[in-house]
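One structure is given below, encoded as C-alpha cells.
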Amino acid sequence: MAFQKAVKGTALIGGGAIATVFGLSQFSQYRNKHATFVRVQAAEAVTVPIKDHFPTREQQILALQTTGEFDVLVIGGGATGCGCALDAVTRGLKTALLERDDFSSGTSSRSTKLIHGGVRYLQKAIMNLDLEQYKIVKESLEERANLLEIAPHLSAPLPIMLPVYKWWQLPYYWFGIKLYDIVAGSQCLKSSYMLSKSRALELFPMLRKDDLVGAIVYYDGQHNDARMNLAIALTAARYGAATANYAEVLRLLKTTDPASGKERVCGVRCRDVLTGQEFDVKAKCVINATGPFTDSVRKMDDQEVPNICQPSAGVHIVMPGYYSPDNMGLLDPATSDGRVIFFLPWEKMTIAGTTDSPTDVTSHPIPTEEDINFILNEVRNYLSVDVEVRRGDVLAAWSGIRPLVTDPSSKDTQSICRNHIVTISESGLVTIAGGKWTTYRAMAQDTIDAAIEAHGLKAGSSKTIGLQLQGAEDWSPTLYIRLVQDYGLESEVAQHLASTYGDKAFEVAKIAQVTGKRWPIVGKRLVSEFPYIEAEVVYGVKEYARTAVDMISRRTRLAFLNVQAAEEALPRIVDIMGKELNWSEQKKKEELEAAKKFLYYEMGYKVKSDQLTDSSEISLVPSDIERYKKRFHMFDKEKKGFITILDVQRVLESISVQIAENTLHDILNEVDLNKNGQVELNEFLQLMSAIQKGHVSGSRLAVLMKSAEENLRRRAVIPVDRSGGGL
C-alpha cells in the first residue's frame, strides 16, 4: 500500500515533467531518424582517401619537418586532441598533431571507462529546471550512440543496477531513470526496468540483502578508453594527418599581421623527445587541446592570461572479477559525502570509482591511501556481509585529473562550466577545454568550426558522425572464431584480440609465434592469467609505442588491471621492444626501471608496499603466533631468526619439488622489507598479520610455506603461481 501511494504521488508530481520531456523526445526521435540518414551521408561524403596502413613514426616526424605550412596544428594527443585532428583532416585540411608523451597518456586513459549521458546531470536538470544541464545530457546521449556505432569492437552497452533500500526511493529513482530513457529517444540502448529484491539478488548475488526492497537497471556504454583514443589517432593518421607522440611543444611561434599590426600565432617550436632534435612546425591555426595543461599552453601565448582550468583528481581501483557479475555494473547514487560511485565489470576485473578532490596539475598523478579506502568503504556499504572487502584485493589503483574549467567570457569567473568551451585569443590561439570523454567528437567539431571561422580556412562541414574508427570496418561479434580456426589461437586470446584490434586482429595473429604445444598452436602469453600475447608487443611498436610504459598501460592494459602481473611481464616486454627498436642493454635497463617506477607511484604499487613495512603492527593472538613460528622454524632449522633462498630450497628438495632460483628470489623479495636478502621472523609475522587483517592478499611466500607444511606429510605439489596479487 505504501508503495502504491508513493508511486501515485510521484506520478502526480512528475506528470508535467514527463509530458514536457516526452514532447521533446518526440521531436528528438524525428531528429534522430533524420540523423541516421545524415550519418550515412556524412561518412560517405569524406573525399579524403584513407591509406591501408598508417605511416611509421619516422615518416610522421619527417612530414612535420618538411611540410611548409599546415592548415591546422593540434597540441595534445588525448581524446579531444585526436578528435580535432580527425575532424580537421577528414574535412580536407592539412593537419598535424603533437603530443609530448604518448597518445592517451593523461586523463583519457584514466577514466571510469563509461560512455554515458550522465544520470546525475539529468537529475540536476530536472530538480533545478536547468536547460544547460539538459542539453549536456542530450548531447552526451547522442554522442554515446555514435561512439558505440563507430567503434563496436572497443565499446558495448552495459547494464547498471541501482539498488534501492527505501520504499519511497523506488518510484523516485524509477521516474528519473525513465526520463533518462525518454531523453535518449530512439538512441536509447535498451529500456530500463525494475527488479524485485529476489531478482536483483539473483543477478547481483554479492549485493547487501538487508533492507533491500528492489533495484532498477538502466543501460549506458562502456569502452576501452586508451585503445579508443589510439583508434582515433590511428584513423587520423590513415587519413593523412601528421601525428606524432613524444613531440613536445617548447614555445609558440608568432608573426606580425601586416594588416592589423598585431602578433598572430603561426606555429610552434617543438622537440622530438626521443632524439632531442628541435624543429619548427608552421600552421595557419594552432589548437590547444591539452586537457589539464590548458593554461600552460595559454600562457605560452600570453603570460598575463588568468587560469581557467580547475583540476580535480579522480581515483579508481581495480579488484578481482569475483566482486561483481560478469555483465552487470552497480551505481551508488549517494555516497557518504554526496558523490557517485560506480562499481563495474571491466576486462574480467572489477573497477570502482571515482573520487573528486582538488589537485595540482601534474603529468604523474598518484592515488592516495585515503581515496582508496574511501572507495573500499563505499563498496562495503553495498556488498553482502558474506563478501569480505579486503584492502589486499586492490590489484591496481590510479588517479586521473579532470580538466574542469571556468568560462573566461562569463561574468561569474568562479563558476565551473560542466560543458566544454572554445575560446580564441587575440593572437588566434584556439583553445578547447572542459567537456567529457563521451562528447569528444562534438567538442572536436565545435573546435574546428570555430577555427575555420576565425582563420578563414576553406573547408566544409564535419564528416565524423558515423565515421568508423580503426578496426571497426569488417569487425563482427563472431570474428574471433575465424582467429581460432585460421590461426590456432586460444578462444580467450582470440576474443581479446578481436575486441582490442577489431578487423586488424588478423595482423596481430599473423605475427604470433608458434607455441610448440598441441594447443594453442600460436600465441605465447606475456603472463599466464591474462590473454595478452607477445605478438602484441611487436604490433604495439607499429602503433607508435616507444616505451615499456606505453606497452603495459595503453597498448595492453596490464598496468591498469594488475600491477604485479605487469611487473612480471616487463622483462619480456622490454626484450621484445629492444629487438624491434634496437635498444642497447643500457637503454633496456633504463626502460625497465622507468616502467617499475611508473607502476610504483602511478599505479598503486607504492600504497601496496605501505601496507607491509618494518613498522607494521603485529596483531596476532598468542596461538596464531606460535603456529606461525612453528611453520617458520620448519625452514629455519638452525634457529637463525631468518630464512634465505637456501633454506627454502632445502625444504622443497626434501619433498621433491623444484622451483627456479630467480622465482624464489622474487618470492622472498616480496616480504623482505629491509632488502637484506633474507626474511626475518618478525617480517614473516608482520606478513601473516597483514593477511589476517585483509591488508595483503596473494602472498606467494605465505602460500608456499603453508603448502610445504602440509606437503611434508602428503608429498603433494606446491602451487607457486602468483595468486591474484593484491596491492
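Everything in the sequence shown is counted per my numbering, starting at 402 for the first residue and increasing by one. Beta carbons are placed, not taken as given, at the ideal position from N, Cα and C, and that holds for glycine.
- Secondary structure of Leu745 (DSSP, three-state): strand.
- For the pair Leu731 and Ile561, the CB atoms are nearer than the 9 Å cut-off.
- The way I'd put it, the stretch 783-796 doesn't touch the stretch 663-679; fewer than three beta-carbon pairs between them come closer than 8 Å.
- Here Leu898 carries a helix assignment [DSSP, helix/strand/coil].
- CA-to-CA, the gap between Leu499 and Gly482 works out to about 9 Å.
- Nearest C-alpha to Ala546 among Gln570, Val565, Gly586, Leu523: Gly586.
- By the Cβ-count criterion, Asp453 is exposed, with fewer than 16 other Cβ atoms from all chains shown falling within 10 Å of its own Cβ.
- For Ala489, no beta strand (DSSP E) segment is defined; the enclosing uninterrupted segment is the alpha helix (DSSP H) at 480-491.
- Taking C-alpha positions only, Glu1018 is separated from Asp738 by approximately 30 Å.
- Inclusion of Leu1088 and Val1104 in the CB contact set at 9 Å is not warranted, their separation being larger than that value.
- Setting aside the 5 residues that flank it on each side, Gln524 is surrounded in the same chain by Gly577, each with a C-beta closer than 7 Å to its C-beta; the list follows chain order.
- Around the beta carbon of Arg665, 16 or more other beta carbons sit within 10 angstroms, so the residue counts as buried.
- Scanning Val1049, Glu550, Ala526 for the CA closest to the CA of Thr865 turns up Glu550.
- Shortest Cα-Cα distance from Ala616 to any of Lys610, Gly889, Met595, Arg628 involves Met595.
- Counting other Cβ atoms within 10 Å of its Cβ, Met720 reaches 16 or more and is therefore classed as buried.
- Under the three-state reduction of DSSP, Trp838 is assigned to helix.
- Cβ contact annotation for Gln914 (same chain, cutoff 7 Å, sequence separation greater than five): Val923, Lys925, Glu935, Ala936, in chain order.
- Counting C-beta pairs with one atom in each stretch, the stretch 707-724 and the stretch 749-756 have three or more that are closer than 8 Å, which means they touch.
- Within the stretch 716-766, the beta strand (DSSP E) runs of at least 3 residues that lie entirely inside it are, in chain order, 730-733, 742-747, 750-754.
- Selection Met607, Thr760, Met1106, His517 evaluated against Val1058 yields Met1106 as nearest (Cα-Cα).
- Annotation: the continuous beta strand (DSSP E) that includes Leu559 extends over 556-565.
- Under the three-pair Cβ rule at 8 Å, the stretch 937-947 does not count as touching the stretch 603-611.
- By DSSP's assignment, Asn689 forms a beta bridge with Ile476, Thr832.
- In the DSSP annotation of this structure, the continuous segment of the alpha helix (DSSP H) that includes Ser1055 starts and ends at 1046-1055.
- Straight across, the Cα-Cα distance linking Lys700 with Ala446 is about 38 Å.
- Beta-bridge pairing by DSSP links Lys683 to Gly668.
- When Ser713, Pro712, Ala714, Asp696 are compared, the shortest CA-CA separation from Val706 is found for Asp696.
- In the three-state DSSP reduction, Leu542 falls in the helix class (H, G or I).
- Restricting attention to alpha helix (DSSP H) runs no shorter than 4 residues, the stretch 915-969 encloses them at 935-943, 959-962, ordered along the chain.
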